[in-house]
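Undergrad: As they're listed, the protein sequences go chains E and P. Just remember that the working numbering sits 785 ahead of the position in the first sequence, which is counted from 1. Just remember that the working numbering sits 889 ahead of the position in the second sequence, which is counted from 1. This structure is in structure tokens; I'll ask about it shortly.
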Amino acid sequence: MSSLQTPPLSAGQGAPESSAVRLVRILLPVIVLAADVAMWELVVRVNEIPPYVLPGPGAVFETLVNDWPVLSQSLLVTLLTTLEGFAAAAFGGVALALLFNQSKWLEYSLFPYAVILQVTPVIAIAPLLLIYLPQQTAVIVCAWIVGFFPVLSNTTLGLNSVDRNLAGLFRLYGASRMQTLRYLKLPSALPFILGGLRIAGGLSLIGAVVAEIAAGSAGAGSGLAYRIAESGYRLNIARMFAALLLLSAAGIVIYVLLALTSHLVLRRWHESALGKEN
Amino acid sequence: MAEPAALSEVDTSTAGLAVSLRGVTKIYDSGVMALGPLDIDVRKGEFVSLLGPSGCGKSTALRLIAGLNAPTSGSVGISKPAGQARPGHSIGFVFQEPTLMPWTSVRENVRLPLKLAQAPATEASARIAEALMQMGLTEFADAFPRELSGGMKMRVSLARALVTDPDILLMDEPFAALDEITRFRLNNDLLSLWRNLRKTVIFVTHSVFESVYLSQRVIVMTSRPGRISAEFRIDTTEPRGEDFRTSADYAGYCRKVSNALAPSYPGKPG
């Protein structure tokens, strides 16, 4: 063990040049952001644009701080919806893919409908769902509808990408269906599943937002998207921006968390998680 | 005779046979006649090579013996070892590629056959340790396949085949992708393993030199359809080693086997 630990992935190996490149890659977007914010503030001040048309970044930040009790509450609601939709998408997608993998008949019967559900814009389905389902359920179902397909199709791809010789080996040793699934197919599919989950994470947030906006006009609701719609009606543009900022941040955090999970799970064996020099 | 028999428990014990193929043919779905009819008998403890050009059906024959594919006609008989439930466990198979699970350690890769057979944990650990030791892998038990060289991966593959203590070892061009130095070393290791454990080995290769060096008997096959064209017994003083590889005997056998192989090369009318 100890003699083997030296070769893989030593961070300092990549020469000073690559660490400089890394620094530049972090610095450049930050500079662009700072420049944009400065430009925005400048344009607003020079042209004396009223805040109900376009508030400056300072005003947006001020709103973010002042309205934090309301906004944080809404953020929590949206995140919870996203999480529930994501969990449903992850579970439903993987479970459906496993079912399809075990039974071709089931796959032929149901797969077309999974595609139809995917290609029909969720914003058009949301109002109907809101009529027939309790609002909270409808919102989660929306998040699920957008999120489950990438999980389903990626998992299916993964389950079908099993090394043929390994599959032969499992047959040779008389592996049962469950054993083949557990010890061969699922681990083989894991990188694909994680890729699907990474897409589903972002999509669940989109699904939740779409449903909230659709539900917002139907009355109740207190998620971030509802806040945006509500603030729009009230011409509270700064709060719209502040809520939008929080939604973006939520999306980024979701993506980073899922990418990190994927990296941690795969780092010891999968090509995608290994350093380039290997 | 031509019934589509699959794997059958032929009573090979009286004849001392480990594997017995009778009139075996394989026709692919496309209608291509890949193999046979083929008759092969392999005695218990014998080291036999199937030698032939690519596409002559030698790997197909091996997969039929392993039960990975069913023959179109004819019968494949495997000696049934006493006290073992499933015939699959009496066979160890080594593929051309190491065919390891990349997501887990060397130890877990070697454990696989036992895990699938739901062997008791304590017994399994002992056998895994033994198989790892036999292949010189004890220090690498916790390494992942990607951290190993091609030769080491092949050793893991061999250890996995040995861990069930099979009677028959089927090897499908296992060393073809390795460099010569590694291949020679693995050849020697395989020979000493065979001397110690006295397993029946059927070794598929397209290397004349490898087949002569390793086996007691070389079966030369022609392609399309795969048939036996010649058979050679390699008699030499045991144990074999590097001396044999450089001996005149060895060169003579290699020449004879090469000549038998020559007509089957494409382009030359046979």
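Note that CB positions come from ideal geometry on N, CA and C, so glycine has one too. What you are looking at is a predicted structure, and each value in this text was computed from that prediction instead of being measured.
Enumerate, from N- to C-terminal direction, the unbroken alpha helix (DSSP H) stretches of 4 or more residues contained entirely within the segment 1001–1040 of chain P.
TA: List check, alpha helix (DSSP H) in window: 1010–1023.
Undergrad: Is there at least one Cβ from chain B nearer than 8 Å to P/K1004's Cβ?
TA: Looking for chain B here will not work: the only protein chains present are E and P.
Undergrad: Look up P/K915 in the DSSP assignment and give the residues it is bridged to.
TA: Paired residues: P/L924.
Undergrad: E/A911 lies in the beta strand (DSSP E); which residues open and close that run?
TA: E/A911 -> not in any beta strand (DSSP E); alpha helix (DSSP H) instead, spanning V907 to Y917.
Undergrad: Counting contacts by CB-CB distance shorter than 8 Å, is E/A1058 in contact with chain P?
TA: Chain P contact via Cβ: absent.
Undergrad: Taking Cβ to Cβ, would you say E/L969 is nearer than 8 Å to E/V936?
TA: No; because the gap between Cβ atoms is not below 8 Å, this pair is not in contact.
Undergrad: Assign P/I1123 to one of three DSSP states: helix, strand, or coil.
TA: Of the three classes helix, strand and coil, the one that applies to P/I1123 here is coil, per DSSP.
Undergrad: Going along chain E, which residues have a C-beta under 7 Å from P/R1035?
TA: Chain E residues near P/R1035: W1054.
Undergrad: Keeping to the same chain, check which residues put their C-beta closer than 8 Å to that of E/V838; ignore five residues upstream and five downstream.
TA: Cβ within range, chain order: I1022.
Undergrad: When we look at the beta-carbon of E/G841 and count the other beta-carbons within 10 Å, is it buried (16 or more) or exposed?
TA: Per the 10 Å Cβ criterion, buried.
Undergrad: Quick one, which of P/S964, P/P1034, P/P1009 and P/S962 has its alpha-carbon nearest P/E997's?
TA: When only C-alpha atoms are compared, the closest one is P/P1034.
Undergrad: Is P/T1053 closer than 8 Å to P/P1002 when the C-beta atoms are compared?
TA: It is a contact, given that the beta carbons lie within the stated cut-off.
Undergrad: Just list the residues that DSSP pairs P/R1116 with in beta bridges.
TA: Note: P/R1116 sits in a beta bridge opposite P/T1111.
Undergrad: For P/M990, which three-state DSSP category applies?
TA: It is coil, neither helix nor strand.
Undergrad: Under 8 Å, Cβ to Cβ, is there at least one residue of chain E near P/D1056?
TA: It does not: the Cβ of P/D1056 has no partner Cβ on chain E nearer than 8 Å.
Undergrad: Would you call the CB atoms of P/L1047 and P/V983 closer than 8 Å?
TA: Their beta carbons are under 8 Å apart, which means P/L1047 touches P/V983 by this criterion.
Undergrad: Would the segment 953–972 of chain P and the segment 1002–1021 of chain P be scored as touching if the rule is three or more Cβ pairs under 8 Å?
TA: Contact fails: fewer than three Cβ-Cβ distances are below 8 Å.
Undergrad: Could you tell me whether any Cβ in chain E is nearer than 8 Å to the Cβ of P/M1024?
TA: Not one chain E Cβ lies under 8 Å of P/M1024.
Undergrad: Counting along the chain, where does the alpha helix (DSSP H) carrying P/S1100 start and finish?
TA: That run of the alpha helix (DSSP H) goes V1097 to L1103.
Undergrad: Quick check: what's the CA-CA separation for E/A1034 versus E/L990?
TA: Taking the straight line from one Cα to the other gives about 11 Å.
Undergrad: Of all the options P/R1044, P/I1070 and P/I1057, which has the alpha carbon lying nearest to the alpha carbon of P/R932?
TA: Residue P/I1057 is the option with its Cα nearest to P/R932.
Undergrad: For P/L910, list the residues DSSP reports as bridge partners.
TA: DSSP output for P/L910 lists P/I929 and P/V965 as bridge partner(s).
Undergrad: For P/D1078, which three-state DSSP category applies?
TA: Helix, per DSSP.
Undergrad: Are the C-beta atoms of P/I980 and some chain E residue less than 8 Å apart?
TA: So yes, P/I980 belongs to the interface.
Undergrad: Given this structure, state the Cα-to-Cα distance separating P/L957 from P/A950, to the nearest angstrom.
TA: The straight-line gap from Cα to Cα measures roughly 10 Å.
Undergrad: E/A974 CB to nearest chain P CB: under 8 Å?
TA: So no, E/A974 is outside the interface.
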